[in-house]
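Undergrad: Quick note, the numbering used here runs 382 ahead of the 1-based positions in the sequence shown.
From the three backbone atoms N, C-alpha and C, an ideal C-beta is built for every residue, glycine too.
Handing you this structure, nothing more for now.
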Amino acid sequence: MTRVRVDLNISLDGFATTTDQTPENPFGDDWGRLTAAYAATRTVRERVLHDASGEGTTGVDDRYAARYFEDVGAEIMGAGMFGLHANPDDPHWRGWWGDEPPFRVPVFVLTHSPRPSMEMAGGTTFHFLTASPEEALRTAAAAANDGDVRVGGGASTVRDFLRAGLVDDLHVGIAPILLGRGVRLWDDLRGLESGYSVSSEAAPSGVTHVTFRREVRS
Numbered sequence: 383m384t385r386v387r388v389d390l391n392i393s394l395d396g397f398a399t400t401t402d403q404t405p406e407n408p409f410g411d412d413w414g415r416l417t418a419a420y421a422a423t424r425t426v427r428e429r430v431l432h433d434a435s436g437e438g439t440t441g442v443d444d445r446y447a448a449r450y451f452e453d454v455g456a457e458i459m460g461a462g463m464f465g466l467h468a469n470p471d472d473p474h475w476r477g478w479w480g481d482e483p484p485f486r487v488p489v490f491v492l493t494h495s496p497r498p499s500m501e502m503a504g505g506t507t508f509h510f511l512t513a514s515p516e517e518a519l520r521t522a523a524a525a526a527n528d529g530d531v532r533v534g535g536g537a538s539t540v541r542d543f544l545r546a547g548l549v550d551d552l553h554v555g556i557a558p559i560l561l562g563r564g565v566r567l568w569d570d571l572r573g574l575e576s577g578y579s580v581s582s583e584a585a586p587s588g589v590t591h592v593t594f595r596r597e598v599r600s
């Protein structure tokens, strides 16, 4: 059965986005701090950074990083996660993810300015659509071929899906840093935990992995 999944990194004060970006440093230093434990894992180094050396951390953080990619048949992301906000008028912009993105499945980018689909190396094809969370999920689930659908981000897109009650599995890796500003994941989600079983696991990196799992979608 297809499940709808979310995996995000957030700070101790609940922020899933950073605000220190500059034209010279489009991700900002804070993003590296927020995602440091994941970026250090063997899985992310191989899958995202194309590092075939076999180096990288194993253990708790790597187990969650590996799970991020397992059994996913389609991805949904907001325009910001693709990078359209940084290049809104460039019809040739191919996203943040390089020529061979790590997804390797159909990716549905939510945008108010649809574009032609874009086939990339490694099995990723980006499709651009204007749709509600429910409509986007139906489209992605049909393309997932019985695999799971991951809502990749950003934080505002994830909150839309959480508010609509569409997420079956939510994993947050809480990094031991304070950001103080950005988009906070938990705003307007009071009582979210009541519909899930919740577990947590601490990693040696200092990251706390919290998982919300719903057995049956209502």
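Our contact map puts Thr593 next to Ala584 with C-beta atoms below 8 Å; I'd like the distance itself, whole angstroms only.
TA: With 8 Å as the limit, Thr593 and Ala584 do not qualify as a contact, their Cβ atoms being about 13 Å apart.
Undergrad: My output table needs one value for Arg545: the three-state DSSP class, helix, strand or coil.
TA: The answer is helix: DSSP assigns Arg545 an H, G or I state.
Undergrad: By a C-beta neighbour count over all protein chains shown, 10 Å radius and 16 as the cutoff for buried, is Thr399 buried or exposed?
TA: By the 10 Å Cβ count, Thr399 comes out buried.
Undergrad: Confirm the yes/no value for this check: CB of Ser581, any heavy atom of the ligand MN, distance under 7 Å.
TA: Among the ligands in the structure shown, none appear at all, so the ligand MN cannot be discussed.
Undergrad: Buried or exposed: where does Pro515 fall if 16 or more other Cβ atoms within 10 Å of its Cβ makes it buried?
TA: By the 10 Å Cβ count, Pro515 comes out buried.
Undergrad: Exposed or buried, which one is Gly534 when buried takes at least 16 other CB atoms within 10 Å?
TA: So Gly534 ends up on the buried side.
Undergrad: Per DSSP, Gly460 is paired with what?
TA: Gly460 pairs with Leu492.
Undergrad: Rounded to whole angstroms, what's the CA-CA distance from Met500 to Val580? Just pull it up for me.
TA: Roughly 38 Å between the two C-alpha positions.
Undergrad: Counting only the same chain and skipping the five closest in sequence on each side, list residues whose C-beta sits under 8 Å from that of Leu519.
TA: Closer than 8 Å at Cβ, skipping near neighbours: Val386, Ile458, Val531, Phe543 and Leu548.
Undergrad: With DSSP as the reference, identify every bridge partner of Ser581, one or two as the case may be.
TA: DSSP, once it has assigned bridges, lists Thr593 as partnering Ser581.
Undergrad: Would you report the Cα separation of Asp433 and Ala448, rounded to the nearest angstrom?
TA: The straight-line gap from Cα to Cα measures roughly 15 Å.
Undergrad: Measuring alpha carbon to alpha carbon, tell me which of Thr439, Trp413, Glu517 and Asp412 ends up nearest Ala422.
TA: Nearest of Thr439, Trp413, Glu517 and Asp412 to Ala422, Cα basis: Thr439.
Undergrad: Relative to the alpha-carbon of Arg545, which residue among Leu571, Ile556 and Met502 has its alpha-carbon at the smallest distance?
TA: When each option's Cα is compared against that of Arg545, the closest is Leu571.
Undergrad: Nearest-angstrom Cα distance between Thr493 and Phe510?
TA: Taking the straight line joining both Cα atoms gives about 6 Å.
Undergrad: Nearest by alpha-carbon distance to Asp528: which of Val454, Leu416, Arg427 and Asn407 is it?
TA: Ranking the options by Cα distance to Asp528, first place goes to Val454.
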